[in-house]
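Protein chains in written order, with my numbering: chain P, 1 to 79; chain V, 80 to 492.
Worksheet for the structure shown next.
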């Protein structure tokens, strides 16, 4: 049935924002050697979704938005 | 249509499985500890390890909806070889007498959802691949999904790129009616890409993009939409009561009808910063879809080391969204020549598609209870969140308070 045309430019804008942020972030990084990653190895240092399966399902049902729960490798890459 | 006996059986099975898992691990530990000649025993170093977790989430809100969700999960992994296999099983028990149920003169209903998933990953070096599969069953709703992910490390693991795809198919039916007689399907194709950066010695940053394409009719087969004569929206304010709505509505209540396609896009940024004795985690998700819904979700946790074994944190979360383009607080019929009327082609009573904001305030604790030098082998987790949701333009309710409490235990066996 109907689709909102306004979402198409949003998708493009989203993709561009994603790329710009990715490049800018990569440019701002400093190289950290494995022996310098003590703080990064702490168990709280994760960038994965903190919500467990129950909470994630609840949020998905009670809010119109979804996404963002996957796609990030957590941890510091110490292994 | 109570399902409590069935749930009790499942819960017992889950508990038994968990106890068995832990029981096996405990007996192995006892055997090792009671070895008669420990000096002659070979050194104990398994190349794999077993992780098990049990979590129970309970939810209750002022709209008289309660949910209890126990989850059990287990993973076997070999970090040296780079493989892991894991599974998860979840049961949702929902009991609801919400205003949507009461307004249709229905009694409180109870329902059980079971969901399971398997995941396998193999990453022997800088390149890894993973497979996932899952299902979710309710009496009137079946869902299957499967997916694949690949990820690559760059620059001595200072950067990681993850790409993923998953497909899911939902079958939506009616309770006590075979799917072969009444059902419709919903297909979901989800693509995601994630980049993780080591920013400096104490900071991680991840950027995740999601594109989800849904095709099919996801209208609820139980959701009847009250209809009104033109001009009624002026007299029915947001939060109008059931009596006010019933006094103003027409006798006919058509079923909900949603668009048959929905494209969703989300970008999420997450940052974790480690200080001397605390960690700050912040995430922001922006979202938009082809139904016209746009949303922002901000989440903040500040995890403070209270001792070597206890970490506590406050949790703040703010979600705000507008409504979908076809949302109306009051759907009005259109009169045709001759006195007949027609309904709006798209109509919904799902107030989660309306403009709303949810503020969450809570906190949690992570308590490592393992033996000295192995404290993280056993970890208890507690979390309590209070949520306040304000609906700006919906019938029946304007505000909803809810609590979510989660208790979990994880162990390395």
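For every residue, glycine included, the Cβ atom is placed at its ideal position computed from N, Cα and C.
Model, not experiment: these values are computed from the prediction.
Report yes or no: is there a C-beta of chain P within less than 9 Å of the C-beta of residue 297 of chain V? Residue numbering aside, residue 297 of chain V sits at position 218 when the second chain is read from its first letter. Taking Cβ atoms only, chain P never reaches closer than 9 Å to residue 297 of chain V, which makes this a no.
For a minimum of 3 consecutive residues, which ranges assigned as the beta strand (DSSP E) are wholly contained in the region 326-373 of chain V? 340-353 and 357-368
Taking the alpha-carbon positions, what's the residue 501 of chain V to residue 310 of chain V distance? Not covered by the structure: residue 501 of chain V. The range shown for chain V is 80 to 492.
Give me the DSSP bridge partner(s) of residue 45 of chain P. Position 45 of the first chain holds residue 45 of chain P. Beta-bridge pairing links residue 45 of chain P to no other residue.
Should residue 366 of chain V be flagged as near chain P, meaning a C-beta pair shorter than 9 Å? Here residue 366 of chain V is taken as the residue at index 287 of the second chain, counted from 1. It does; some Cβ of chain P falls within 9 Å.
What ranges does the beta strand (DSSP E) occupy inside the region 130-154 of chain V, keeping only unbroken runs of at least 3 residues that lie completely in it? none
Does DSSP put residue 169 of chain V in a helix, a strand or coil? Position 90 of the second chain, counted from the first residue, corresponds to residue 169 of chain V. Residue state, collapsed to three classes: strand.
Between residue 74 of chain P and chain V, is any beta-carbon pair separated by less than 9 Å? One-based indexing of the first chain puts residue 74 of chain P at position 74. Unreliable placement is indicated for residue 74 of chain P, whose pLDDT of 45 sits below 50; no coordinate value is reported for it.
Mind listing the chain V neighbours of residue 20 of chain P? Cutoff is C-beta to C-beta under 7 Å, in chain order. Residue numbering aside, residue 20 of chain P sits at position 20 when the first chain is read from its first letter. The premise fails here: residue 20 of chain P is roughly 10 Å from chain V at the closest Cβ pair, so nothing lies under 7 Å.
Suppose contacts are defined by Cβ-Cβ distances below 9 Å. Is residue 366 of chain V in contact with residue 65 of chain P by that definition? Here residue 366 of chain V refers to the residue found at position 287 of the second chain. Here residue 65 of chain P refers to the residue found at position 65 of the first chain. Contact: yes.
If we cut at 9 Å on Cβ distances, does residue 156 of chain V have a partner in chain P? Stepping through the second chain from its first residue, residue 156 of chain V is reached at position 77. False, the Cβ-Cβ gap to chain P never drops below 9 Å.
Check whether the Cβ of residue 106 of chain V lies closer than 9 Å to any Cβ atom in chain P. Taking the second chain and counting its residues from 1, the one referred to as residue 106 of chain V is at position 27. Bear in mind that the predicted position of residue 106 of chain V carries a pLDDT of just 36, short of 50, making it unreliable; the figure below should be weighed with that in mind. Not closer than 9 Å to any Cβ of chain P, the Cβ of residue 106 of chain V fails to qualify, so no.
What is the C-beta distance between residue 351 of chain V and residue 47 of chain P, in whole angstroms, given that I count them as a contact (C-beta under 8 Å)? Residue numbering aside, residue 351 of chain V sits at position 272 when the second chain is read from its first letter. Residue numbering aside, residue 47 of chain P sits at position 47 when the first chain is read from its first letter. At roughly 5 Å, the Cβ-Cβ gap stays under 8 Å, so residue 351 of chain V and residue 47 of chain P are in contact.
Check the C-beta distance from residue 67 of chain P over to residue 148 of chain V and give it rounded, since I have them as a contact under 8 Å. The residue given as residue 67 of chain P occupies position 67 in the first chain. The residue given as residue 148 of chain V occupies position 69 in the second chain. About 21 Å; that fails the 8 Å criterion.
Can you have a look at residue 237 of chain V and say buried or exposed, based on whether 16 or more other CB atoms are within 10 angstroms of its CB? Here the question's residue 237 of chain V lines up with position 158 in the second chain. Answer is buried; the Cβ neighbour count reaches 16.
Contacting residues, own chain, Cβ-Cβ under 6 Å from residue 371 of chain V (five flanking each side not counted): As a working mapping, residue 371 of chain V is identified with position 292 in the second chain. Here the set comprises 403 and 404.
Is there a C-beta anywhere in chain P that falls below 9 Å from the one on residue 376 of chain V? Taking the first residue of the second chain as 1, we reach residue 376 of chain V at position 297. Closer than 9 Å to some Cβ of chain P, the Cβ of residue 376 of chain V qualifies, so yes.
To the nearest angstrom, how far is it from the Cα of residue 479 of chain V to the Cα of residue 36 of chain P? Against the second chain, residue 479 of chain V aligns to sequence position 400. Against the first chain, residue 36 of chain P aligns to sequence position 36. If I take the Cα positions, the gap works out to 47 Å.
Touch check for the region 218-230 of chain V and the region 357-365 of chain V: three-plus C-beta pairs under 8 Å? no
Taking 9 Å as the CB-CB cut-off, is residue 422 of chain V touching chain P? Locating residue 422 of chain V in the second chain gives position 343, counting from the first residue. It does not; no Cβ of chain P falls within 9 Å.
Buried/exposed call for residue 410 of chain V, threshold 16 Cβ in 10 Å: Mapped onto the second chain, residue 410 of chain V falls at position 331. The residue is buried, with at least 16 neighbouring Cβ atoms inside 10 Å.
Under a three-way DSSP split, which group does residue 190 of chain V fall into? Position 111 of the second chain, counting from 1, holds the residue named residue 190 of chain V. Strand at residue 190 of chain V.
Please return the same chain residues whose Cβ sits closer than 6 Å to the Cβ of residue 484 of chain V, not counting the five positions on each side in sequence. Start at 1 with the first residue of the second chain, and residue 484 of chain V comes out as number 405. Around residue 484 of chain V: 137 and 463.
Could you name the residues of the region 27-43 of chain P whose beta carbon sits closer than 9 Å to any beta carbon of chain V, in the order they occur along the chain? 28, 29, 30, 31, 32, 33, 34, 36, 37, 38, 39, 40, 42 and 43
Cβ neighbours of residue 514 of chain V in the same chain (closer than 6 Å, five flanking residues each side left out): This structure does not reach residue 514 of chain V, given that chain V is present from 80 up to 492, and the question cannot be answered.
Within-9 Å CB hit, residue 386 of chain V to chain P: Here the question's residue 386 of chain V lines up with position 307 in the second chain. It does not; no Cβ of chain P falls within 9 Å.
Short check: CB of residue 406 of chain V to CB of residue 432 of chain V, under 9 Å? Position 327 of the second chain, counted from the start, is the residue given in the question as residue 406 of chain V. Position 353 of the second chain, counted from the start, is the residue given in the question as residue 432 of chain V. Contact: yes.
From residue 62 of chain P to residue 449 of chain V, what distance separates their C-alpha atoms? Locating residue 62 of chain P in the first chain gives position 62, where the first residue counts as 1. Locating residue 449 of chain V in the second chain gives position 370, where the first residue counts as 1. Looking at the two C-alpha atoms, the distance is approximately 36 Å.
Chain-ordered residues of the region 299-321 of chain V with a beta carbon less than 8 Å from chain P: none
Cβ of residue 399 of chain V within 9 Å of Cβ of residue 376 of chain V? Counting from one through the second chain, the residue named residue 399 of chain V turns up at place 320. Counting from one through the second chain, the residue named residue 376 of chain V turns up at place 297. Contact flag set, yes.
To which residues of the same chain is residue 118 of chain V closer than 6 Å at the C-beta, ignoring the five residues directly before and after it? The residue you call residue 118 of chain V lines up with position 39 of the second chain. Residue placement at residue 118 of chain V is flagged as unreliable, the pLDDT there being 45, under the threshold of 50; the coordinate-derived value follows with that caveat. Cβ neighbours of residue 118 of chain V beyond the five flanking positions: none.
Measuring only the C-alpha atoms, how far is residue 285 of chain V from residue 217 of chain V? Locating residue 285 of chain V in the second chain gives position 206, counting from the first residue. Locating residue 217 of chain V in the second chain gives position 138, counting from the first residue. Each residue's alpha carbon lies about 35 Å from the other.
Within 8 Å, do at least three Cβ pairs link the region 277-292 of chain V to the region 318-326 of chain V? no
Does any CB atom of chain P fall closer than 9 Å to the CB of residue 344 of chain V? Counting from 1 along the second chain, the entry for residue 344 of chain V is found at position 265. Output row for residue 344 of chain V: interface = yes.
Given a cut-off of 9 Å on the beta-carbon distance, is the pair residue 341 of chain V and residue 293 of chain V in contact? Translated into the one-based positions of the second chain, residue 341 of chain V becomes position 262. Translated into the one-based positions of the second chain, residue 293 of chain V becomes position 214. Cβ distance < 9 Å, so residue 341 of chain V and residue 293 of chain V count as in contact.
Output the distance between the C-alpha atoms of residue 161 of chain V and residue 205 of chain V, rounded to the nearest integer angstrom. For the purposes of this step, residue 161 of chain V is identified with residue 82 of the second chain, where counting begins at 1. For the purposes of this step, residue 205 of chain V is identified with residue 126 of the second chain, where counting begins at 1. When rounded, the distance between both Cα atoms is 10 Å.
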